[in-house]
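Residue numbers (my numbering), protein chains in the order written: chain V, 1 to 114; chain X, 1001 to 1109.
Glycine included, every Cβ here is placed at the ideal spot set by N, Cα and C.
The model shown is predicted, which means the values in this text are computed figures rather than measured ones.
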Amino acid sequence: DTEVTQTPKHLVMGMTNKKSLKCEQHMGHRAMYWYKQKAKKPPELMFVYSYEKLSINESVPSRFSPECPNSSLLNLHLHALQPEDSALYLCASSDTPGQLYEQYFGPGTRLTVT
Amino acid sequence: TQLLEQSPQFLSIQEGENLTVYCNSSSVFSSLQWYRQEPGEGPVLLVTVVTGGEVKKLKRLTFQFGDARKDSSLHITAAQPGDTGLYLCAGFEDEKLTFGTGTRLTIIP
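This is the structure in structure tokens:
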């Protein structure tokens, strides 16, 4: 099973809402990632989790809060977002942190902030 | 910040034609990957190149990593409609993958 699943597929939220994005993989990968992709742009790295610990935060605003409850799950908690945060949020995983392996991407959550 | 510039940004060609996409950076990367992304999906890995000067072939796709490990190219022979998609190069350094600006390829039947 080489699948990374993400829920929900689509999310519309107001600027005062709190919501969470979920990502799951069962490949035994120990590195997990959150990316943000704006329309017609490449993915931009937000966070990296290595062995369930946050290892890289690319200066992401605190209204985005990642969480890794266990080695298979990755959450992204959203609070007080702005309309410019509307984007496709991609989760990915790879075998070993710090080493170049294939990153397996989920289909993404398309987020719209109103 | 390491930047990867891809050219062309958009490319629309007839089925059966050949094409080349370029990926250039001012920085050296320890390795480079090419991904393809289709609408509504995440990127899917096509190839990884790690040695300067390396050439890899994947059916009709040929990938080359520059000698100085700062640039790469993707050549497609006899393009088919199934090749349509967003092609992304990505450089790996300091535990991070940095994506290029992307090339949106459309193959017209």
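Close Cβ partners of residue i (< 6 Å) along its chain, the five nearest in sequence each way excluded
i	result
serine 78/V	Sequence check: residue 78/V is leucine here, not serine. Correct list, in chain order: Lys19.
serine 55/V	Val48
histidine 1075/X	Thr1020 and Thr1062
arginine 110/V	His10 and Leu88
Short CB-CB distance (under 8 Å) between residue i and chain X
i	result
proline 107/V	yes
glutamate 52/V	no
leucine 45/V	yes
Proximity test, Cβ basis, 8 Å: residue i and chain V
i	result
glycine 1040/X	yes
phenylalanine 1048/X	It should be noted that the sequence gives threonine, not phenylalanine, for residue 1048/X. Closer than 8 Å: yes.
leucine 1003/X	no
leucine 1088/X	yes
Per-residue contacts from residue i into chain X (C-beta, under 9 Å)
i	result
leucine 90/V	Gly1042 and Pro1043
Residue i: contacting residues in chain X (beta-carbon distance under 7 Å)
i	result
glycine 98/V	Glu1095
glutamate 102/V	Leu1045
Amino acids of chain V, ordered along the chain, whose beta-carbon sits closer than 9 Å to that of residue i
i	result
threonine 1101/X	Lys41 and Pro42
serine 1031/X	Leu100
Which residues DSSP lists as bridging residue i, in chain order
i	result
asparagine 75/V	Lys22/V and Glu67/V
asparagine 57/V	Phe47/V
valine 1044/X	Arg1036/X
threonine 1062/X	Lys1057/X and His1075/X
alanine 39/V	In the DSSP output, where bridge partners are listed per residue, alanine 39/V has none listed.
arginine 110/V	His10/V and Leu88/V
threonine 32/V	Threonine is not the amino acid found at residue 32/V; the sequence shown has methionine there. Methionine 32/V pairs with Tyr49/V and Ser93/V.
leucine 1098/X	According to the sequence displayed, residue 1098/X carries threonine and not leucine. Answer is Gly1091/X.
asparagine 1024/X	Glu1005/X and Asp1071/X
serine 1030/X	According to DSSP, serine 1030/X bridges with nothing at all.
glycine 1085/X	Leu1105/X
Close-in-space but distant-in-sequence residues of the same chain around residue i (CB under 7 Å, 5 per side omitted)
i	result
glutamine 1080/X	Glu1015 and Ile1107
serine 1031/X	Thr1048, Val1049, Val1050 and Phe1092
threonine 2/V	Met27 and Tyr104
asparagine 57/V	Phe47
serine 1012/X	Thr1106 and Ile1108
lysine 1056/X	Val1047, Val1049 and Phe1063
glutamate 1017/X	Ala1079
leucine 97/V	The identity of residue 97/V in the sequence shown is proline, whereas the question assumes leucine. Result list for proline 97/V: Arg30, Ala31, Ser50, Tyr51 and Ser55, in chain order.
leucine 90/V	Tyr35, Gln37, Pro43, Phe105, Gly106 and Gly108
aspartate 1067/X	Gly1052 and Gly1053
Chain V residues whose Cβ lies nearer than 8 Å to that of residue i
i	result
threonine 1106/X	Near threonine 1106/X there are no residues of chain V at all, since even the closest Cβ is about 14 Å away, more than 8 Å.
Contacts of residue i in chain X (Cβ-Cβ under 8 Å)
i	result
serine 55/V	Glu1095
valine 48/V	Glu1095 and Lys1096
Interface partners of residue i on chain V, CB under 7 Å
i	result
phenylalanine 1092/X	Leu100
CB contact check: residue i to chain B, cutoff 8 Å
i	result
leucine 1011/X	Considering every chain present, this structure includes no chain B. Its protein chains are V and X.
Same chain only: Cβ atoms within 8 Å of residue i, ignoring 5 sequence neighbours per side
i	result
proline 1109/X	Glu1015 and Pro1081
Touching by the beta-carbon criterion (3+ pairs, under 8 Å), the region 24-36 of chain V and the region 66-77 of chain V: yes
Within 8 Å, do at least three Cβ pairs link the region 104-112 of chain V to the region 1016-1030 of chain X? Output reads no: the region 104-112 of chain V does not touch the region 1016-1030 of chain X.
For the structure I just gave you, are there three or more beta carbon pairs, one from the region 34-48 of chain V and one from the region 1094-1102 of chain X, closer than 8 Å? yes
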